[in-house]
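Trainee: Have a look at this one before I ask anything.
In our numbering, the protein residues as written are 1 to 354.
Structural data, given as structure tokens:
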């Protein structure tokens, strides 16, 4: 997958050499005007696309009139330009988006206050110009602390939107400060929902996704094992780590699955527990081991969950069995009670042979 920062060296060098050769052949004054390479934080700033002459968008009801848009391009501030980007994106106005992208790249030249840089980059992201957002962000050097963390999150957003996975990994590693577990409680913004709230995801899981796109499966498994949040999150990460780490000895993978089963029981995540037992069965059989233990536990857990749920559904339909329905519901919710489902998972299993 191509990346703005990590393109192959040969084509990039060839492009630079061709530009320099053309500059040497051009008249001196014209060469200076046409062949100035602006390098900001390692980026070659691309020229903004030149739209075709004519109206910026068709006259669609509900969209900004042409005259108002042209005035906005000249006099509009960053917040208004950001809203215009959202509108143009919603209507699919490609030419208007291009005009807004070009304006946003020049509206706030360096140096600018930190908040202006963030707003400028955010507007470019709204205009679907993540590489432009990276250019704007690299015009600024943030101070250590909260300011740098905010800057790094914004750079991650731009790298994510531009599919620059190597840059995204580098950015998240800077946020983690050498410990992937620090990303676990970092809620990274993914998108704005229709109700105005922001959808987020744990930075640790996002970091793992980027590593997997880059083919770094072992690093992804190591990051998953660094998670500390108990319950279902830990169970899901352990499950994924075992699948990504086939070179780990069988005994260690089996123990990781036992930890995951314990965490699934704590969270009462019985669907996940069934998936883990099935994964354990397949793992043991693939290694030539007898898988009777997970198979028996899987059958018992499935039967207990299904039986209790079916009985509860029948009982709750009968007004005369309200007390019985309450007992069954408590059984489903409290698997650690005597005879509950957790005993199926938490009984000490025999250790798998290495």
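For glycine and all other residues, C-beta sits at the position ideal for the given N, C-alpha and C. Just so it is clear, the structure is predicted and the values come from calculations on it, not from any experiment.
Between which two residues does the alpha helix (DSSP H) containing residue 113 stretch?
Mentor: Taking the first residue of the chain shown as position 1, residue 113 is located at position 113. Run containing residue 113: none; DSSP gives neither H nor E here.
Trainee: Just to confirm, are residue 235 and residue 269 a CB contact at a threshold of 8 Å?
Mentor: Your numbering for residue 235 matches position 235 in the chain shown. Your numbering for residue 269 matches position 269 in the chain shown. Yes, Cβ-Cβ distance for residue 235 and residue 269 is below 8 Å.
Trainee: Can you look up residue 301 in the DSSP assignment and give me helix, strand or coil?
Mentor: In the chain shown, the residue the question calls residue 301 occupies position 301. Helix at residue 301.
Trainee: What are the boundary residues of the alpha helix (DSSP H) that includes residue 281?
Mentor: Residue mapping note: residue 281 aligns to position 281 of the chain shown, counting from 1. Taken as a continuous stretch (DSSP letters only), the alpha helix (DSSP H) holding residue 281 covers 270-286.
Trainee: So the candidates are 288, 284, 285, 277; which of them puts its Cα closest to the Cα of residue 298?
Mentor: On the chain shown, position 298 is the one that residue 298 refers to. Taking only the C-alpha atoms, the option nearest residue 298 is 277.
Trainee: Within the chosen definition, does the segment 79-96 reach the segment 122-131 through at least 3 CB pairs nearer than 8 Å?
Mentor: With a cut-off of 8 Å, the segment 122-131 and the segment 79-96 count as touching, because enough Cβ pairs lie within range.
Trainee: In angstroms with no decimal places, state the Cα-to-Cα distance between residue 56 and residue 106.
Mentor: Translated into positions along the chain shown, residue 56 becomes position 56. Translated into positions along the chain shown, residue 106 becomes position 106. Rounded to the nearest angstrom, the two C-alpha atoms are 19 Å apart.
Trainee: Touch check for the segment 183-194 and the segment 204-214: three-plus C-beta pairs under 8 Å?
Mentor: Verdict: yes, contact present.
Trainee: If you count every other CB in all the chains shown that lies within 10 Å of the CB of residue 143, and 16 or more means buried, which is it?
Mentor: Numbered from its first residue, the chain shown carries residue 143 at position 143. So residue 143 counts as exposed.
Trainee: I need the straight-line Cα distance from residue 67 to residue 151, nearest angstrom please.
Mentor: Here residue 67 refers to the residue found at position 67 when the chain shown is read from its first residue. Here residue 151 refers to the residue found at position 151 when the chain shown is read from its first residue. Going by the C-alpha atoms only, they are around 35 Å apart.
Trainee: Below 6 Å CB to CB, which residues in the same chain sit around residue 271 once its five sequence neighbours on both sides are set aside?
Mentor: Residue mapping note: residue 271 aligns to position 271 of the chain shown, counting from 1. Same-chain partners within the cutoff: there are none.
Trainee: Any idea if residue 280 is buried or exposed, counting beta-carbon neighbours within 10 angstroms, 16 or more meaning buried?
Mentor: Taking the first residue of the chain shown as position 1, residue 280 is located at position 280. Buried, since its Cβ has 16 or more Cβ neighbours within 10 Å.
Trainee: Nearest to residue 75 by CA position, among 93, 90, 104, 88, is which residue?
Mentor: Stepping through the chain shown from its first residue, residue 75 is reached at position 75. For residue 75, the nearest C-alpha among the options comes from 104.
Trainee: Using DSSP's beta-bridge definition, name the partner residues of residue 202.
Mentor: Walking along the chain shown from the start, residue 202 turns up at place 202. Note: residue 202 sits in a beta bridge opposite 187.
Trainee: Going by the CB atoms, is the gap between residue 241 and residue 256 shorter than 8 Å?
Mentor: Residue 256 sits at position 256 when you count from the first residue of the chain shown. Residue 241 sits at position 241 when you count from the first residue of the chain shown. Yes, these two residues count as a Cβ contact at 8 Å.
Trainee: Out of curiosity, what's the CA-to-CA distance linking residue 198 and residue 153?
Mentor: For the purposes of this step, residue 198 is taken as the residue at position 198 of the chain shown. For the purposes of this step, residue 153 is taken as the residue at position 153 of the chain shown. If I take the Cα positions, the gap works out to 14 Å.
Trainee: According to DSSP, is residue 192 part of a helix, a strand, or is it coil?
Mentor: One-based indexing of the chain shown puts residue 192 at position 192. Looking at residue 192 - three-state DSSP - the assignment turns out to be strand.
Trainee: Could you check whether residue 161 and residue 363 sit closer than 8 Å to each other, using their CB atoms as the reference points?
Mentor: This structure cannot settle anything about residue 363, because the visible part of the chain is limited to 1 through 354.
Trainee: Excluding the 5 residues preceding and the 5 following residue 213 in the sequence, name in chain order all residues of the same chain whose CB lies nearer than 6 Å to its CB.
Mentor: Mapped onto the chain shown, residue 213 falls at position 213. Same-chain partners within the cutoff: 165.
Trainee: Roughly how many whole angstroms lie between the Cα atoms of residue 368 and residue 95?
Mentor: As displayed, the chain neither begins before 1 nor continues past 354, which places residue 368 out of reach and without an answer.
Trainee: If you measure between the beta carbons of residue 274 and residue 250, is that distance less than 8 Å?
Mentor: One-based indexing of the chain shown puts residue 274 at position 274. One-based indexing of the chain shown puts residue 250 at position 250. Not in contact: residue 274 and residue 250 (Cβ atoms no closer than 8 Å).
Trainee: Write down every uninterrupted run of the alpha helix (DSSP H) in the segment 208-258 whose length is 4 residues or greater and which is fully enclosed by it, in chain order.
Mentor: 217-225, 232-244
Trainee: Report all residues from its chain with a CB closer than 8 Å to the CB of residue 119; omit the five preceding and five following residues, and keep chain order.
Mentor: One-based indexing of the chain shown puts residue 119 at position 119. Answer for residue 119: 78, 79, 82, listed in chain order.
Trainee: Could you check the C-alpha separation between residue 295 and residue 127 for me, to the nearest Å?
Mentor: Here residue 295 refers to the residue found at position 295 of the chain shown. Here residue 127 refers to the residue found at position 127 of the chain shown. Cα to Cα, the separation comes out at about 53 Å.
Trainee: DSSP on residue 178, reduced to helix/strand/coil?
Mentor: Sequence index remark: in the chain shown, residue 178 carries index 178 (1-based). DSSP places residue 178 in coil when its eight states are reduced to three.
Trainee: Going by C-alpha distance, which of 218, 224, 156 is nearest residue 179?
Mentor: For the purposes of this step, residue 179 is taken as the residue at position 179 of the chain shown. Closest option to residue 179, Cα to Cα, is 224.
Trainee: Given a threshold of 16 other Cβ atoms within 10 Å of its Cβ, counted over all protein chains shown, does residue 258 qualify as buried or as exposed?
Mentor: What you label residue 258 is simply residue 258 of the chain shown in a count that begins at 1. Answer is buried; the Cβ neighbour count reaches 16.
Trainee: Could you tell me which of 218, 217, 157 sits nearest to residue 189, measuring between CA atoms?
Mentor: Here residue 189 is taken as the residue at index 189 of the chain shown, counted from 1. The residue with the shortest Cα to Cα distance from residue 189 is 157.
Trainee: In chain order, which beta strand (DSSP E) runs of at least 3 residues are fully inside the segment 90-164?
Mentor: none
Trainee: Is it the case that the CB of residue 195 approaches a heavy atom of the ligand MG more closely than 7 Å?
Mentor: The ligand MG is not among the ligands present in this structure, which contains no ligands whatsoever.
Trainee: For residue 197, which three-state DSSP category applies?
Mentor: For the purposes of this step, residue 197 is taken as residue 197 along the chain shown, with counting starting at 1. Assigned with DSSP and collapsed to three states, residue 197 falls in coil, not helix or strand.
Trainee: What residues in its chain sit with their C-beta under 7 Å from that of residue 192, if we drop five residues either side in the sequence?
Mentor: Within the chain shown, numbered from 1, the residue matching residue 192 stands at position 192. The residues are 198.
Trainee: Tell me the rounded alpha-carbon separation between residue 149 and residue 252.
Mentor: One-based indexing of the chain shown puts residue 149 at position 149. One-based indexing of the chain shown puts residue 252 at position 252. Roughly 36 Å separates the two Cα atoms.
Trainee: Give the DSSP-derived three-state secondary structure of residue 74 in the structure shown.
Mentor: By one-based count along the chain shown, residue 74 stands at place 74. Looking at residue 74 - three-state DSSP - the assignment turns out to be helix.
Trainee: Since I believe residue 110 is in contact with residue 361 (beta carbons under 8 Å), could you give me their beta-carbon distance rounded to a whole number of angstroms?
Mentor: In this structure the chain extends from 1 to 354, so residue 361 is not present and cannot be described.
Trainee: Let me confirm a value: residue 136 is counted as buried when at least 16 other C-beta atoms fall within 10 Å, else exposed. Which label applies?
Mentor: Working through the chain shown from its first residue, we reach residue 136 at position 136. Under this definition residue 136 is a buried residue.
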